[in-house]
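Residue numbers (our numbering), protein chains in the order written: chain L, 1 to 113; chain R, 114 to 569.
Yeah, the Cβ is synthetic: ideal placement off N, Cα and C, and Gly gets one too.
Being a predicted model, the structure only gives us computed values, none of them experimental.
To keep things clear, I will list the structure first and then write my remarks on it.
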Amino acid sequence: MSEGVVWLTIFVLSVFVGTEVISKVSSTLHTPLMSGANAIHGIILLGAVIVTGATDSTPALVVGLVAIVLAAINMVGGFVVTDRMLQMFGRRRGAPPPVAPPKSPSPAPRSDR
Amino acid sequence: MPTWVQLVYLGCAVCFVLALKGLSGPRTARLGNLVGAGAAVVAVTVPFVYLELDHVPQMLAAIAVGSGVGVVGARRVQMTQMPQMVALFNGVGGGAAALVALLELQHMGAGTPAFDLVATAFTIVVGSVSFAGSAVTFAKLQELMTSRPVVFPGLPVAFAAALLGGVGLSVLVVLEASLALGVVLALVGLALGVLLVLPVGGADVPIVISLLNAFTGLTVAAGGYVLGSVVLLVAGTLVGAAGTFLTLLMARAMGRSVANILFGALRGGSTLGAGEASDRPVRSSGPEDVAILLAYADRVIVVPGYGLAVAQAQHTLRELVEVLLARGAKVDYAIHPVAGRMPGHMNVLLAEAQVPYEQLAEMDDINGDFKQTDVVLVVGANDVVNPAARSTPSAPIYGMPILDVDQARQVVFLKRSMRPGFAGIENELLFDPRTTLLFGDAKDSLAKLLAAVKAL
């Protein structure tokens, strides 16, 4: 199998995984999901680091450093802001309405006062 | 590349899949996001370990600066401004991808495989489109410019010219591999991004954000191919595919096609809507009258909108609902899936205000109840209850499923003015004889209503 075909295989399989994984998401989570996916493509930071680390001219270095700053904003900001949104869902979920289930199978009779 | 590095990257790619999977359910979402963040940190650390990189101090400083800006921005942003924040983060990601591709192009020449050059040209042009397009969506949502569609006579021609120019220049870049051509291509990409988003109306902007998000994902994937990095290819493709799918889901939820959202305004201004306030007569009354209406109703439904969130009136509204509940009424909040500025945005905003989960009803679950409802209280919402979505084919929101507020016995609108909503169209329901308007800032009006109901 040639190298190009390997890349194509990975690409096509990733497309299927990507669509499959989010196919049943409810509209409640559309905003965090969009934001989370946004953060993931901030991984271009990795590419920016590799390219910048191999530059030899000053203009190229400057461009590379700008790319690094932008990519880091995308990645770090994206994950933090998504976490902030999701925290709110968690907080609501963590504070259910006060239901008082009987602690023992035969609750003590109420004393009438 | 050493085997251990490749295995670490495989692990990171798996983590990104798990992150997206986690984000698709409320219970696993936060953990999923953390898994994704952890994988991203590991992936970025690895090249510092196995490659002999130059300029390490400068790069670490740049990462620190970017991270600092990202964290401060993410912490400071208000929940109401979340859509423009997502747009901004997406735009800088696209810009970074385009810059990386330009730097790669520098080293390419006659011997470079054609497909590498295709991927490079793609990354440059689409990354630039994403950057400029996101900047315009940010400006629209932040109200730095009008949120209404901007169409000028030569726009379709300019757009077509930029598109053809982009394609032509991409071909030239593939043939020539010259940096100068790459820079011109990036500039054309910027122009294309601006021209693509200008004609999109405010209500449709979130869908465009999602689309641009998918674009950036695909540029990152193409960049991964050029750099020979599997983890970039997988992460970028995941986001590209998921983003495309999400875009289609959201467009379907609004009853629109993506083509109609992007190019609808170019086809003849039908989505322009009315920007002006109407001077037709409406029935308005004071808080005391509305309080009587609410206090003696058995069934009340509250429809919260973006106006409520902007006025920071969630807590007052919650108090009012509590008082009505205590008086024996059955009260629910009806949540339209695209209420707010982005699908799911209202859920985030009400979650922030700690409105009890069980009082929130989704559109499909509550729409049957409006017929038996005595009073519907619409707070700062307009487009999601506009019957024009059902009745007026020329309306920009036509086909969007709406809350059937028009079937209730009485409707009370809390509004600041008669200015049309985000979609820029008038709501016939405002002029209905069963409708009462209470003008004023949402927080102020709700406080007066609360006091009046308590006094009864």
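Which first and last residues belong to the beta strand (DSSP E) in which residue i is found?
i: GLU432(R); result: Counting along the chain, GLU432(R) falls outside any beta strand (DSSP E), though it belongs to the alpha helix (DSSP H) covering 427 to 439.
i: ASP445(R); result: 443 to 448
Which residue or residues does DSSP assign as beta-bridge partners of residue i?
i: PRO417(R); result: VAL492(R)
i: PHE552(R); result: LYS528(R)
i: ARG412(R); result: LYS443(R)
i: SER397(R); result: LEU550(R)
i: GLN523(R); result: VAL488(R)
Let me know if residue i comes out buried or exposed under the rule of 16 or more other beta-carbons within 10 Å of its beta-carbon.
i: TYR163(R); result: exposed
i: PRO59(L); result: exposed
i: HIS124(L); result: Here chain L has residues from 1 to 113 only, and residue 124(L) is not among them.
i: THR55(L); result: buried
i: VAL127(R); result: exposed
i: PHE89(L); result: buried
i: LEU438(R); result: exposed
i: GLY145(R); result: buried
i: MET114(R); result: exposed
i: GLN427(R); result: buried
i: VAL25(L); result: buried
i: THR384(R); result: Note that THR384(R) has pLDDT 44, beneath the 50 cutoff, so the model's placement of it is unreliable and the number below is only indicative. Classification of THR384(R): buried, given that the 10 Å Cβ count is 16 or more.
i: GLU3(L); result: exposed
i: GLY382(R); result: Reliability of the predicted coordinates at GLY382(R) is poor, the pLDDT of 45 falling under 50, and the value obtained from them is presented with this limitation in mind. Looking at its Cβ environment, which holds fewer than 16 other Cβ atoms inside 10 Å, GLY382(R) is exposed.
i: SER137(R); result: buried
i: ASP477(R); result: exposed
i: ASP167(R); result: exposed
i: SER104(L); result: Unreliable placement is indicated for SER104(L), whose pLDDT of 42 sits below 50; no coordinate value is reported for it.
Name, please, each residue of chain L whose Cβ falls closer than 7 Å to the Cβ of residue i.
i: GLY295(R); result: The contacting residues do not exist; GLY295(R) stays about 11 Å from chain L at best.
i: LYS253(R); result: Here the premise fails: no neighbours, minimum Cβ distance about 17 Å.
i: THR329(R); result: HIS41
i: ASN326(R); result: MET34, ALA37, ASN38
i: LYS134(R); result: VAL21
i: ILE510(R); result: Result: empty, since nearest Cβ-Cβ is about 16 Å, beyond 7 Å.
At a CB-CB cut-off below 7 Å, which residues of chain R make contact with residue i?
i: VAL5(L); result: Near VAL5(L) there are no residues of chain R at all, since even the closest Cβ is about 12 Å away, more than 7 Å.
i: SER27(L); result: ALA366, PRO450, PRO456, GLY457
i: SER35(L); result: VAL199
i: THR82(L); result: ASN146
i: THR31(L); result: MET195, MET455, PRO456, GLY457, HIS458, VAL461
Go to residue i, then tell me how far its alpha helix (DSSP H) extends in each direction, as first and last residue.
i: GLN197(R); result: 195 to 219
i: ALA223(R); result: Taken as a continuous stretch (DSSP letters only), ALA223(R) belongs to no alpha helix (DSSP H), as it is neither H nor E.
i: LEU136(R); result: 116 to 136
i: ALA474(R); result: Element bounds for ALA474(R): not the alpha helix (DSSP H) but the beta strand (DSSP E), 473 to 475.
i: ASP402(R); result: 400 to 408
i: ARG365(R); result: 343 to 366
i: ASP229(R); result: 227 to 254
i: SER576(R); result: Outside the displayed range of chain R (114 to 569) lies residue 576(R), so it cannot be described from this structure.
i: ILE40(L); result: 30 to 40
i: SER23(L); result: Looking at the DSSP string, SER23(L) is not in any alpha helix (DSSP H), and its letter there is neither H nor E.
i: VAL286(R); result: 268 to 289
i: GLY295(R); result: 292 to 310
i: VAL63(L); result: 58 to 72
i: ASN373(R); result: 371 to 376
i: PHE328(R); result: 318 to 340
i: PHE483(R); result: Note, PHE483(R): premise wrong, no alpha helix (DSSP H); not H, not E.
i: VAL146(R); result: Reading the sequence as shown, one finds Asn at residue 146(R) and not Val. Start and end: 142 to 163.
i: ILE50(L); result: 44 to 52
i: SER504(R); result: 501 to 504
i: MET459(R); result: 458 to 465
Chain L partners of residue i, CB-CB under 9 Å?
i: ASP167(R); result: THR52, GLY53, ALA54, THR55, ASP56, LEU61
i: VAL182(R); result: VAL69, ALA72, ILE73, VAL76, GLY77
i: GLY537(R); result: The contacting residues do not exist; GLY537(R) stays about 22 Å from chain L at best.
i: VAL525(R); result: Those do not exist, as VAL525(R) stays about 26 Å from chain L at its closest Cβ, beyond 9 Å.
Under 9 Å Cβ-Cβ, which residues of chain R neighbour residue i?
i: SER23(L); result: SER137, PHE358, LEU362
i: SER14(L); result: ALA126, VAL130, ALA334, LEU346, VAL347, ALA348, GLY349, THR350, LEU351, GLY353, ALA354
i: THR19(L); result: ALA354, ALA355, THR357, PHE358
What do you reckon, is the C-beta of residue i under 8 Å from a heavy atom of the ligand MN?
i: TYR446(R); result: With respect to the ligand MN, the structure shown offers nothing to examine, as it has no ligands at all.
Under 8 Å Cβ-Cβ, which residues of chain L neighbour residue i?
i: GLY306(R); result: Per Cβ cutoff of 8 Å: no residues; GLY306(R) is ~15 Å from chain L at best.
i: ARG188(R); result: VAL80, ARG84
i: GLY149(R); result: GLY36, ALA39, ILE40, PHE79
Listing by chain order, which chain B residues have their CB less than 7 Å from the CB of residue i?
i: ARG369(R); result: No chain B appears in this structure, whose protein chains are L and R.
The segment 342 to 358 of chain R / the segment 284 to 291 of chain R touching (three or more Cβ pairs under 8 Å): Not touching, per the Cβ criterion.
Examine the Cβ distances between the segment 210 to 219 of chain R and the segment 175 to 188 of chain R and report whether three or more of them are shorter than 8 Å. no
Any contact between the segment 287 to 305 of chain R and the segment 432 to 449 of chain R? By contact I mean 3 or more CB pairs, one from each, below 8 Å. no
Quick check: the segment 314 to 326 of chain R against the segment 353 to 365 of chain R, are there 3 or more CB pairs under 8 Å? yes
Mind the definition here: the segment 390 to 410 of chain R touches the segment 360 to 369 of chain R only if three or more C-beta pairs lie below 8 Å; say whether that holds. no
With a threshold of 8 Å, are at least 3 pairs of Cβ atoms found where one atom belongs to the segment 222 to 232 of chain R and the other to the segment 68 to 78 of chain L? no
Check whether the segment 511 to 528 of chain R touches the segment 547 to 562 of chain R, counting contact only when three or more Cβ pairs, one atom from each stretch, lie closer than 8 Å. The way I'd put it, the segment 511 to 528 of chain R does touch the segment 547 to 562 of chain R; three or more beta-carbon pairs between them come closer than 8 Å.
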